[in-house]
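Undergrad: Numbers 61 to 262, taken from the working numbering, label the letters of the sequence shown in order. Every residue, glycine too, gets a C-beta built ideally from N, C-alpha and C. My questions all concern the structure below.
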Amino acid sequence: MFAAFFVTICVAWAACNPPREEVVYETAEWRNGDLVLRCGYGLESRVVVERSQSIYSHVGILYRDSAADEWMVVHTVPGEEDPEYVKAEPVSRFYSLEKARNGAWLRIDCSDSIAREAVLYALDKVKSLCLFDNDYLLADSSQLYCTELVWRAYMRQGIDITSGGRQTVPSFFCKEGECIFPSDIVQSKTTLFIKPFKTKVL
């Protein structure tokens with residue numbers, strides 16, 4: 061009886077506390093303007109994954125900070141800071157154990173110069189203290205959500221990295237009734253390649 065009870069407790073504990081996995085990435089072939097994706101642990105991540113049937117719920121744009129000699133990610137996400145500004149942070153923080161259960165590297169089919177210009181657009185949103193768009197409205201560019209940020213960064217260069225793809229969402233989530241999800245970028249004809257990262261169980 062005790063043994064069965066012990067096994068039940070262990071199974072329940074494992075379900076509530078899955079093994080933590082560290083995202084393992086290589087930076088040697090990255091370029092400014094490449095995208096990185098992840099899936100987190102929060103409610104927003106679960107909603108995006110379930111509605112899009114994807115394994116990624118969040119995206120950011122890469123650039124090399126020469127002064128700090130490290131790769132950075134420009135992205136915007138709800139709930140991590142207050143106010144919720146577009147921010148630039150080290151890749152190691154973007155893929156920290158608390159924020160990421162998986163990850164991938166994606167390249168848009170364009171020249172290096174266009175990709176660099178997309179980064180400049182994103183960095184301008186950091187400097188201007190652009191807020192996260194909790195209403196998820198594409199019609200309003202004064203605030204941005206994560207996929208909207210990278211989409212607009214490339215649209216400014218004349219490239220629609222979603223190829224027009226959109227996801228239908230409930231009106232209580234977005235009054236426009238549709239949003240851009242990471243899967244719309246992954247599945248776009250403008251995606252040159254996507255390479256999932258390996259994970260290491262700790």
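Report, in whole angstroms, the separation of the C-beta atoms of residue 97 and residue 178, which I expect to be a contact under 8 angstroms.
TA: Position 37 of the sequence shown, counted from the first residue, corresponds to residue 97. Position 118 of the sequence shown, counted from the first residue, corresponds to residue 178. In fact, because the Cβ distance is near 16 angstroms, the residues do not count as touching under 8 angstroms.
Undergrad: Between which two residues does the alpha helix (DSSP H) containing residue 43 stretch?
TA: An answer regarding residue 43 cannot be provided, because it is not within the stretch 61 to 262 covered by the chain.
Undergrad: Helix, strand or coil, according to DSSP, for residue 148 in the structure here?
TA: For the purposes of this step, residue 148 is taken as the residue at position 88 of the sequence shown. Three-state result, residue 148: strand.
Undergrad: Is there contact between the region 125-134 and the region 198-208, where contact requires at least three CB pairs shorter than 8 angstroms?
TA: no
Undergrad: With distances taken from CA atoms, which of 188, 235, 210 and 242 is nearest residue 100?
TA: Here residue 100 corresponds to residue number 40 of the sequence shown, with the count starting at 1. Nearest option by C-alpha distance: 242.
Undergrad: Taking the beta strand (DSSP E) that residue 96 falls in, what are its first and last residues?
TA: As a first step, residue 96 is located in the sequence shown; it is residue number 36 there, counting from the start. That run of the beta strand (DSSP E) goes 95-99.
Undergrad: Starting from residue 165 and walking both ways along the beta strand (DSSP E), at which residues does that stretch end?
TA: Mapped onto the sequence shown, residue 165 falls at position 105. Run containing residue 165: 162-168, per the beta strand (DSSP E) assignment.
Undergrad: Apart from the five residues just before and just after residue 151, which ones in its own chain have a Cβ nearer than 6 angstroms to its Cβ?
TA: As a first step, residue 151 is located in the sequence shown; it is residue number 91 there, counting from the start. Leaving aside the five residues that flank residue 151 on each side, the residues in its chain whose CB is nearer than 6 angstroms to its CB run, in chain order, 131 and 133.
Undergrad: Do the CB positions of residue 95 and residue 121 come within less than 8 angstroms of each other?
TA: For this step, residue 95 is matched to residue 35 along the sequence shown. For this step, residue 121 is matched to residue 61 along the sequence shown. The Cβ atoms of residue 95 and residue 121 lie closer than 8 angstroms to each other.
Undergrad: Which residues bound the beta strand (DSSP E) around residue 207?
TA: Taking the sequence shown and counting its residues from 1, the one referred to as residue 207 is at position 147. Not the beta strand (DSSP E): residue 207 falls in the alpha helix (DSSP H), residues 206-215.
Undergrad: Give the DSSP-derived three-state secondary structure of residue 138 in the structure shown.
TA: The residue labelled residue 138 in the question sits at position 78 within the sequence shown. Of the three classes helix, strand and coil, the one that applies to residue 138 here is coil, per DSSP.
Undergrad: Provide the residue(s) that pair with residue 125 in DSSP beta bridges, ordered along the chain.
TA: Stepping through the sequence shown from its first residue, residue 125 is reached at position 65. DSSP lists 130 as partners of residue 125.
Undergrad: May I ask you to list the residues that DSSP assigns as paired with residue 253?
TA: For this step, residue 253 is matched to residue 193 along the sequence shown. Per DSSP, 167.
Undergrad: Exposed or buried, what is residue 276 when buried is set at 16 or more other beta-carbons lying within 10 Å of its beta-carbon?
TA: Lying outside 61 to 262, the shown extent of the chain, residue 276 is not represented and no answer is given.
Undergrad: Which partner residues does residue 222 have in the DSSP bridge list?
TA: Residue 222 sits at position 162 when you count from the first residue of the sequence shown. Beta-bridge pairing links residue 222 to no other residue.
Undergrad: State the DSSP-derived secondary structure class of residue 26, mapped to helix, strand or coil.
TA: Any property of residue 26 remains undetermined from this structure, which presents the chain solely from 61 to 262.
Undergrad: Note down, in chain order, each residue of its chain lying with its Cβ closer than 6 angstroms to the Cβ of residue 181, except the 5 sequence neighbours on either side.
TA: Taking the first residue of the sequence shown as position 1, residue 181 is located at position 121. If we look at residue 181 and ignore the five residues flanking it on each side, its Cβ neighbours are 213 and 216.
Undergrad: For residue 264, is the classification buried or exposed, using 16 other Cβ atoms within 10 angstroms of its Cβ as the cut-off for buried?
TA: Since the first residue of the chain shown is 61 and the last is 262, residue 264 is not available in this structure.
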